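Protein chains in written order, with my numbering: chain A, 1 to 162; chain B, 1001 to 1162; chain C, 2001 to 2162; chain D, 3001 to 3162. Backbone N, C-alpha and C fix where the C-beta goes; we use that ideal spot for every residue, glycine too. Computed from a predicted structure; not experimentally measured.
Number of protein chains: 4
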Amino acid sequence: MMNRVILVGRLTKDPELRYTPNGVPVASFTLAVNRAFTNQQGEREADFINCVVWRRPAENVANFLKKGSLAGVDGRIQTRSYEGQDGKRVYVTEVMAESVQFLEPRNSQGNDRGDNYSSRPGGQDSSFGNQNQRQPQRNTRLDEDPFAGGGQIDISDDDLPF
Amino acid sequence: MMNRVILVGRLTKDPELRYTPNGVPVASFTLAVNRAFTNQQGEREADFINCVVWRRPAENVANFLKKGSLAGVDGRIQTRSYEGQDGKRVYVTEVMAESVQFLEPRNSQGNDRGDNYSSRPGGQDSSFGNQNQRQPQRNTRLDEDPFAGGGQIDISDDDLPF
Amino acid sequence: MMNRVILVGRLTKDPELRYTPNGVPVASFTLAVNRAFTNQQGEREADFINCVVWRRPAENVANFLKKGSLAGVDGRIQTRSYEGQDGKRVYVTEVMAESVQFLEPRNSQGNDRGDNYSSRPGGQDSSFGNQNQRQPQRNTRLDEDPFAGGGQIDISDDDLPF
Amino acid sequence: MMNRVILVGRLTKDPELRYTPNGVPVASFTLAVNRAFTNQQGEREADFINCVVWRRPAENVANFLKKGSLAGVDGRIQTRSYEGQDGKRVYVTEVMAESVQFLEPRNSQGNDRGDNYSSRPGGQDSSFGNQNQRQPQRNTRLDEDPFAGGGQIDISDDDLPF
DNA sequence: TTTT
DNA sequence: TTTT
């Protein structure tokens, strides 16, 4: 079985960052990906693709991407379902991003969201590492540089609360 | 903007073949793709991914795949929305397959569905070619062999009603 | 059989544009793609991947990309071999780009190479269309916009000699 | 930067399994991937793509694939160069497989190579785990099932010398 | 509504 | 509910 998705598009709005009860960060965002072709009316439509990312890259996304940012995603399609408010099953198809690439120059005007987003609940960090034992591990890469722009500044140690 | 999906999985049921009013074939099917990892309970879950394919490969899919068939898809994620029966918008994310690969040996027991599915409305064929001028063209490849098994028999001319 | 490659990286130098005897444009360039991880010495290495692109996108590449440009490629791996000058066979693995995405803002300082590269031999154009009948057709899309930045200016008609 | 390759093809010969001085397994093999289109002479050519895989999946590949096996690869393009015997630099482009999917039914006639390939040098195992700290970790998945056929038998513990 |  |  194989399941691979690669996307490049722009965030339709600022990403949302949540934490699980155990303090694991999850970010979600939507990529607008313009189609390569135009429709019968000659307009270029877009697909709006919901993405989810876990752990450290989630924090990076929340920190460095915002509405309109150009970003690349390498991940997998995941499906799930939940009970809708009207009692019927709702089916969801989304992209689980294993890595997210920032395709705009570092520190382009206001790259850093600057929010005080880091409301990560304290005291739960001890349970952090164990949490996702059986989750794909590529999310955890400590040495991944999410910026395509290159540059030598390493964000990991200074900017991120790990 | 980039948008690429590759899947390998098994059909959850027989594909469905429809025709547009102009006689353009569309097949839809769902791929069950087992995840590479097991969940907290040690079970291997699957993602159920809806796929759509147009034109000739649609006919091939209807002809040669059935419930349980192992197949590969190379395509794009597409999103659309429609008015639900309760008046509210329903959002759909699916894979537009540009090519479909049959990953089981040709003529493995009962590869050919054998249905009389070819209820393609006659008389509309003239409008066929013009129809999708602005659609991606890779669907139209006349020389594509959807079987991975190789073999020298070419299905296109004999088995397909084109 | 499936064969799909997606790359995002930077051109190591200006692309080279050639024409076949029949006037079909071919561009070649090398993408430097930084690895997601660092090596034992803590350095981030890169892979240098040779790419080839045909027809209209070849002209676009020659026109709008240059050394250092950030670009995305969606294509296939191709292998070929030729007689080396010392008589022994040389094997080549390269990426046949089906589409190339320009990931830098249009008209960022000097996007347009401005070269008089269009030394396309005249008089051969008549043979152009027929030439590659059996080549993948995605190269031919007349409505593809190679810029991720969007914007409404369509380059195809004004800037390109088609 | 992004770098993703997905292939489905057949092994041109039995895979080769080596071990680093520290006992890390590496398998190499070549996939023949038939092209989706035919050439000017109407023949379907193939690309012959060299692949490398590390650690546990390397052992799996050596154990369960052989000449002619249908397999899928999800990985990255890597380039390297070395001093040729005639003193000049040789450039190599190959695919680093992060996961390999076996696309033929388990225990199809003689799936198991049955070779006594497991000449893994003893005494080095202690250094095994630490070895590739900075290598991508997806190779290490203990719960990945390389067979597309599904089935409940888990090969990892019984059949593999770990 | 899910495949082996 | 959508980006440039």
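Indicate whether at least one CB of chain C lies closer than 8 Å to the CB of residue i.
{"i": "R1134 (chain B)", "result": "Bear in mind that the predicted position of R1134 (chain B) carries a pLDDT of just 39, short of 50, making it too unreliable to give a figure here."}
{"i": "G1075 (chain B)", "result": "no"}
Examine chain B for any beta-carbon lying closer than 8 Å to the beta-carbon of residue i, and answer yes or no.
{"i": "F3037 (chain D)", "result": "yes"}
{"i": "T20 (chain A)", "result": "no"}
{"i": "F2072 (chain C)", "result": "A quick correction: the sequence has Gly, not Phe, at residue 2072 (chain C). Yes - at least one Cβ of chain B is within 8 Å of the one on G2072 (chain C)."}
Is the Cβ of residue i closer than 8 Å to any Cβ of chain D?
{"i": "M96 (chain A)", "result": "no"}
{"i": "L1011 (chain B)", "result": "no"}
{"i": "N2034 (chain C)", "result": "yes"}
{"i": "F128 (chain A)", "result": "Summary for F128 (chain A): the model assigns pLDDT 34, below 50, so the residue's position carries little reliability; its value from the coordinates is reported in the next sentence. False, the Cβ-Cβ gap to chain D never drops below 8 Å."}
Residue i CB to nearest chain A CB: under 8 Å?
{"i": "V1008 (chain B)", "result": "yes"}
{"i": "R3004 (chain D)", "result": "yes"}
{"i": "A2148 (chain C)", "result": "yes"}
{"i": "Q1101 (chain B)", "result": "no"}
{"i": "Q1085 (chain B)", "result": "no"}
{"i": "E2144 (chain C)", "result": "yes"}
Where do the N-terminal and C-terminal ends of the alpha helix (DSSP H) with residue i fall, by residue?
{"i": "R3056 (chain D)", "result": "3055 to 3064"}
Locate the beta strand (DSSP E) running through residue i, then write down its first and last residues.
{"i": "T93 (chain A)", "result": "89 to 102"}
{"i": "R76 (chain A)", "result": "70 to 83"}
{"i": "N107 (chain A)", "result": "Taken as a continuous stretch (DSSP letters only), N107 (chain A) belongs to no beta strand (DSSP E), as it is neither H nor E."}
{"i": "E43 (chain A)", "result": "Careful: E43 (chain A) lies outside any beta strand (DSSP E) and carries neither H nor E."}
{"i": "M2 (chain A)", "result": "2 to 11"}
Does DSSP put residue i in a helix, a strand or coil?
{"i": "A2036 (chain C)", "result": "coil"}
{"i": "V24 (chain A)", "result": "coil"}
{"i": "P1121 (chain B)", "result": "Residue placement at P1121 (chain B) is poorly supported in this model, since its pLDDT is 44, which falls under 50; the coordinates are not used for a value here."}
{"i": "E2016 (chain C)", "result": "strand"}
Relative to the ligand GDP, is the shortest distance from any of its heavy atoms to the C-beta of residue i smaller than 7 Å?
{"i": "Y2091 (chain C)", "result": "With respect to the ligand GDP, the structure shown offers nothing to examine, as it has no ligands at all."}
If contact is defined by three or more beta carbon pairs under 8 Å, each pair taking one atom from either stretch, is the segment 3047 to 3062 of chain D in contact with the segment 3014 to 3026 of chain D?
yes
At a CB distance below 9 Å, what residues from the segment 1042 to 1054 of chain B approach chain D? Give them in sequence order.
G1042, R1044
Quick check: the segment 1088 to 1096 of chain B against the segment 1071 to 1080 of chain B, are at least 3 beta-carbon pairs closer than 8 Å?
yes
If contact is defined by three or more beta carbon pairs under 8 Å, each pair taking one atom from either stretch, is the segment 2101 to 2108 of chain C in contact with the segment 3077 to 3093 of chain D?
no
Under 8 Å: do the segment 30 to 37 of chain A and the segment 1001 to 1010 of chain B share three or more Cβ pairs, one atom per stretch?
yes
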